[in-house]
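Note that the protein sequences, when read in sequence, are chains L and Y. Note that the first sequence covers residues 745 to 1052 in this note's numbering. Note that the second sequence covers residues 44 to 566 in this note's numbering. Note that CB positions come from ideal geometry on N, CA and C, so glycine has one too. Worksheet for the structure shown next.
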Amino acid sequence: MTLSLVAVDYSRPIQPIFMQKPRVGTVHSVFRKAVNITHDSTILALLSDELPRMPNSVRLRSVVTDELLPNLRPGMEVMVGNDRLAIPTCNFSFDLPDTSAWEPRPNVSAYAWHRETVTRHTRLLAQFFAQKQYEGGLAPLIGSLFLEQPPQETPLSRMAMPNLRLLAQASWQQNIVGIEEATLGLAGLGPGLTPSGDDVLGGFAAIMALLSPQLSADSISRKHIASTITTVAKPRTTKLSGILLEYASRGEVSEQFGTLLLTLSYPIEASETLLKAADRVLAFGASSGGDTLLGMLLGLRALEGEID
Amino acid sequence: MVIRALLKRNTYYDSITLMSVAQAAKDLPGVEDIGAVMATEVNLELLLNANLMPAAFLAEQQTPPSSEDLLIVVRAIDEAHAEVALTVAEERLTSRGDRDASNRGETLPARSLEMALKRDGAANLAVISVAGEHAWLEAEQALRCGMHVFLFSDNVPVEQEKRLKALAISKDLLLMGPDCGTAIINGVGLGFSNVVPRGSIGIVGASGTGMQQLICLIAAAGMGISQAIGTGGRDLSEAIGGVMMRRGLELLANDEQTEVIVLVSKPPAERVASEILAAAQITKPVVVVFLGAASERFAAEAGDARMARTLTEGAELAVSLAGGDRRRIQGKDALNKYDLAKERAKLAPSQHYIRALYSGGTLCDEAMLLLSEQLGPIASNIPLLPEWALAAGETFRGHTALDLGSDEFTRGRPHPMIDPTISLQYLASAAEDPETAVILLDIVLGYCAQQNPASVYAPAIVQAREKAKVAGRWLPVIISLCGTEGDPQRLSMQRTALEAAGAMVYESNEIAARAAALLVGKA
C-alpha cells in the first residue's frame, strides 16, 4: 500500500514541475531534515516544516520527514507530476495542497524605501556582524571590508578579498568585465555544499535584482548584474549552488532572507527587529547565513556609490 | 610532511557536518591542516594556496574530480598520521549519518519523581521548583532516594532548610537551595545559568547573580567552569552555618578538574565567615568574594585564601590563578569605552543623582558598596545601613538603588529577570524625575531569563531619553549586561541593540557602577 499525504506548503517556482505529466527524477542528497531531488535541470528540496521555506521547497510535516528521510538514498527514483511526488521504492507519495503557493520573491514594491535609512541599517548590521565569531566561510571579512579592520590572513581570505572589492566597485560602475572577473574568482570558492563564495554571490545578486531600482544612488537599476553573476558562476560550482544562484538572480530567496530584506525598509527605531531578522539568517547552515549576509551588505554598499 | 586525499564522488554533506568532521581530524596528533571542500576549480586553487594540493592523488584519478565531488585533503607529519586522519574523517561522516537517522522518537515528560526514576535509574539530581510550602517534601523525598537536589523554590522555612541540609550531609549529597537561582553541574546549567565552556575554575556561591557575573567574566577571559554549586542565599547565615558552602568546597577540593576555587556570598555572618575561611586553607588556590566584608576584617583569618572586594576582582584573580589572561576581563580601562566627560557635561543643573534599578540582588549590593564609597548614602529597599532604607511609599531619595527582584516587588508576579515589566515602570519613572542624572540598570542573560530583553529595553530607553530631551535634560543610561555569547539571547546581539538605543553597556557590574559614579561625582 502506498502512503499518500498532502504537503504543508510549496513555493511558486516549483509549481510548473508538478503540473506536468509525471516524469522521473532522482534523489540527489539526503540530510536529517531535508532531501534534494534532481528533476530535469532543477533541484527540488523536500523539507521538514521545522525548516524555513526555500525558493525550491516543498515542506512536509516533520513527523513525515522523520519517518521518510532515513529510508532514502541518493540515486533512488522519484516521479513528479500531476500535482504529486512519488518515491516508489518507499511506497511513499504526497500531493500538493490546495492552498496557493508561497511566493519567494519579497514584495519590495509594497514598502517605502529611504536610502538614508537603509544606509544606517547597513552600518548597524556591519558593526553587529563584525563582532560575531564565525566558524569558517567569508563572513569574518566583514570587519575589514566595512570597518577598516585589519584583514584576516588566510588562503581563503587572500583569494576572496580582491574579488569582493572588485565585485562591489565594478557593480557600481556597471563594469561588466570587472563583475565577470570577480565572479570567476568567487564562484565555487570555499567550504560547504553551497561554497561560501556562492553564498556571497547569492546575497549580492538578490540585492541587485530586488533593491537596485529603489536604492541605487544614481537611480539606475542594476538588475542585469544579477543575471551576469549567475551566468558566469553556474558552470563553475555545484549544481545545487548554481540553481540557488539562479533563484537569487530573479530575487527569489529563502524565507528568512526575504524577511530581512523587507526589514531594511523599517525606520531606524526598529533596529531590534532588524537584528533579530539578521540573526535568523545567520543561523542558517554552518557558514551559509553569514556568507549570504556579507553578500547582502556588499550589494547595499555597491548601490551607495563610488568605493575608495 | 605528506599530503593525502580522499575523493567521494557525488557526495553531499551539509556544511556543519563537514566542518565538524574537519575539526575532529585536525585535532588529531600529527595533523597540520585539513580541507574538506567540493572539488570546484577555485577550491583546487584554494587548496594549492593553502599548501594542501594533492597533486599526485589527482593525477592518479581516471576521471578528474568535478564540482559535485567532495574532496578531503590532509597534510600531516607522515604517512601514518595522514592515513589515521582520513580514516577518522570517513568514519565520522558515516557515523554522523547513522546517528542522525536514529535520533527520533519522543517521550512524554515524567510527572512524578518515581516515574522519572523508573525511566532513568541513573539520574542522581532532582531539580525542584514547586510552591515553597510543598518544596521541602519533594526535596526530602529526592534526598531519601539518594539524589542531589537543586531547590529553586523560595519561601521554605529556615528550620526546614536546616533539617534538609543535615539530611543531605548525612547521605553525602548536595542540597543546593532553597531559593537557589544558579548552578552548573557537570556542564549542565540549572536555573538561571549561562552557556559557558567547561574548564578548571570551580565556584561555590550563596548568590545567584553573583555567580552568574563571575561565570560570565571568566568565560569572557576564555576560561571555563568545572562546577558551579549554588547553596541558597541563607547558607552563610548564623542559622544555617554555611553547611553547603563547606560541603561544596570539600567536593571541589577533591575534584580533579577543578584547579581554582571561588567562593562568593553577600555579607556572611561573622562566625560563619571565619569557619568558611578556616575550611578554605587547602592546597588548591581559593578566591573569596564576601561582598561588603572589608578585606582587613578577615586579614588574619584569610591565610592562603585570596580576598577579593568585587565580583570582577574575584574573576580576575581566579583567571590569573588558573593560568589565564585577566586583561581579557573588562576592567577599569573599559571606562574609556564611552566619552563620560562629554555625557557629564550635557547634564542639566537639576540632575544630581544615580537611579540604579537592579533585578539581581547581589549585583545591586555590589553597586551600592562601590557607589557609597564615592557618593555617600545610597537609599534602597535593601539598604547597606538601616538609616538608608527607603520609607514606605518613597520611590527615590537622592542616590537610590533598588533590588526589583526582592519579595516586595515580585509578590504575585514573575521575577524581573523573566518579566521586566516592573523594571520598565521604574525606568520610566526615574526618567521623568528631573533630579535623575543617570539610570543604571542590570540585564541578566542566560537560560530562564527573558528571551530577548533588548527588544523591550531598547525602545523603553529610546523613549525615556526622548522624553528627558523634550524636558531639556540629557539622560545617560548605563547597563550592566551579564551574559555570554553562547547564551540563547546572544551577548553581542543584546549589546548592539542596546547601544543602538543610546545606552552605554558594560559587562562588568563594577565598571558599570564606577561609570555611573563618574557621571555624578565630584569633577
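Discussion item. Run through the DSSP bridge pairs and tell me what W846(L) is partnered with.
Written reply: DSSP, once it has assigned bridges, lists S755(L) as partnering W846(L).
Worksheet item: Taking C-beta to C-beta, are V247(Y) and L292(Y) nearer than 7 Å?
Response: For V247(Y) and L292(Y), yes; Cβs fall inside 7 Å.
Worksheet item: For T981(L), which residues in chain Y fall below 7 Å Cβ to Cβ?
Response: Chain-order list of chain Y residues neighbouring T981(L): T83, S110, by C-beta distance under 7 Å.
Item to complete: For M903(L), collect the residues of the same chain with a Cβ closer than 8 Å to its Cβ; drop the 5 residues on either side in sequence, then sort them by chain order.
Response: The residues are G929, L933.
Worksheet item: Helix, strand or coil: how does DSSP classify C525(Y) here?
Response: Note: C525(Y) maps to strand in three-state DSSP.
Fill in: Enclosing beta strand (DSSP E) for I268(Y) [first to last residue]
Unbroken beta strand (DSSP E) run through I268(Y): 268-273.
Worksheet entry | Residue nearest to Y490(Y) in terms of C-alpha spacing, selected from A282(Y), E451(Y), G232(Y) | The option with the nearest alpha carbon to Y490(Y) is G232(Y).
Worksheet item: Out of curiosity, what's the CA-to-CA distance linking L364(Y) and V305(Y)?
Response: Between L364(Y) and V305(Y), the C-alpha separation is close to 11 Å.
Worksheet item: So, helix, strand or coil for F452(Y), using DSSP?
Response: DSSP places F452(Y) in helix when its eight states are reduced to three.
Worksheet item: When you compare each of D76(Y), D347(Y), A128(Y), D408(Y) to P23(Y) by their alpha carbons, which one comes out closest?
Response: Only positions 44 to 566 of chain Y appear in this structure, which leaves residue 23(Y) out of reach.
Practice prompt. Report the neighbours of M903(L) on chain C: residues whose CB is nearer than 8 Å to its CB, in chain order.
Written response: Among the protein chains in the structure shown, which are L and Y, there is no chain C.
Discussion item. Residues of the stretch 497-521 of chain Y in Cβ contact with chain L at a cutoff of 8 Å, in chain order, please.
Written reply: Listed in sequence order: A497, S498, A501, P502, V505.
Worksheet entry | Sheet register partners of M798(L) (DSSP bridge) | Paired residues: none, contrary to the question.
Discussion item. With a threshold of 7 Å between beta carbons, is V80(Y) in contact with chain L?
Written reply: Yes, contact with chain L.
Discussion item. Can you confirm whether T539(Y), when its beta carbon is compared against all beta carbons of chain L, has any partner nearer than 7 Å?
Written reply: T539(Y) counts as touching chain L.
Discussion item. Just verifying my parser: in three-state terms, what is the DSSP assignment at V131(Y)?
Written reply: Here V131(Y) sits in helix by DSSP.
Worksheet entry | Chain-ordered residues of the stretch 462-495 of chain Y with a beta carbon less than 8 Å from chain L | So the list reads N495, given in the order they occur along the chain.
Practice prompt. Below 8 Å CB to CB, which residues in the same chain sit around T443(Y) once its five sequence neighbours on both sides are set aside?
Written response: Closer than 8 Å at Cβ, skipping near neighbours: Y396, I397, R398, A399, I421, A422, S423, L433.
Practice prompt. Tell me, please, whether the stretch 801-821 of chain L touches the stretch 81-91 of chain Y by the rule of three or more beta-carbon pairs shorter than 8 Å.
Written response: The answer is no - the stretch 81-91 of chain Y does not touch the stretch 801-821 of chain L, with fewer than three Cβ pairs under 8 Å.
Item to complete: Please confirm whether L829(L) and V774(L) have their CB atoms less than 7 Å apart.
Response: Taking a C-beta distance under 7 Å as the contact criterion, L829(L) and V774(L) do not qualify as a contact pair.
Discussion item. Does the stretch 502-520 of chain Y come into contact with the stretch 475-493 of chain Y, if we say contact requires no fewer than three beta-carbon pairs (one atom in each stretch) closer than 8 Å?
Written reply: In the pairwise beta carbon analysis, the stretch 502-520 of chain Y is classified as touching the stretch 475-493 of chain Y: at least three pairs are separated by under 8 Å.
Fill in: Chain-ordered chain Y contacts of G929(L) [CB-CB under 8 Å]
What G929(L) touches in chain Y: V85.
Worksheet item: When we look at the beta-carbon of Q494(Y) and count the other beta-carbons within 10 Å, is it buried (16 or more) or exposed?
Response: Around the beta carbon of Q494(Y), fewer than 16 other beta carbons lie within 10 angstroms, which makes this residue exposed.
Worksheet item: D57(Y) CB to nearest chain L CB: under 7 Å?
Response: Closer than 7 Å to the CB of D57(Y) there is at least one CB belonging to chain L.
Worksheet item: By a C-beta neighbour count over all protein chains shown, 10 Å radius and 16 as the cutoff for buried, is T453(Y) buried or exposed?
Response: Buried, by the Cβ-count rule.
Worksheet item: What residues in the stretch 780-798 of chain L bring their beta carbon closer than 8 Å to a beta carbon of chain Y?
Response: Listed in sequence order: N780.
Fill in: C-alpha distance - L1041(L) paired with P939(L), whole-angstrom precision
Across the structure, L1041(L) and P939(L) are spaced so that their CA atoms are roughly 18 Å apart.
Worksheet item: What in chain L is Cβ-close to A132(Y), meaning under 9 Å?
Response: Here the premise fails: no neighbours, minimum Cβ distance about 14 Å.
Worksheet item: Quick one: Cα of L954(L) to Cα of E126(Y), how far?
Response: Roughly 49 Å separates the two Cα atoms.
Item to complete: Figure out for me which residue from R538(Y), E318(Y), A556(Y) has the closest Cα to the Cα of L868(L).
Response: Considering only R538(Y), E318(Y), A556(Y), the residue with the shortest C-alpha distance to L868(L) is R538(Y).
Item to complete: Would you list, in sequence order, the uninterrupted alpha helix (DSSP H) runs of no fewer than 4 residues that lie entirely inside the stretch 773-826 of chain L?
Response: The qualifying runs are 806-812.
Worksheet item: Which two residues bound the contiguous alpha helix (DSSP H) that contains I397(Y)?
Response: Secondary structure note for I397(Y): it is in no alpha helix (DSSP H), and the uninterrupted beta strand (DSSP E) holding it is 396-401.
Practice prompt. Report the three-state DSSP secondary structure of D476(Y) (helix, strand or coil).
Written response: Coil, per DSSP.
Worksheet item: What distance in whole Å lies between the Cβ atoms of A992(L) and A950(L), which are believed to be in contact at a cut-off of 8 Å?
Response: About 5 Å; that satisfies the 8 Å criterion.
Item to complete: Just mark S963(L) as buried or exposed, buried being the case when its beta carbon has 16 or more other beta carbons within 10 Å.
Response: S963(L) is exposed by the Cβ-count criterion.
Fill in: Through-space distance from V487(Y) to R859(L), alpha-carbon basis
In this structure, the CA atom of R859(L) is about 36 Å from the CA atom of V487(Y).
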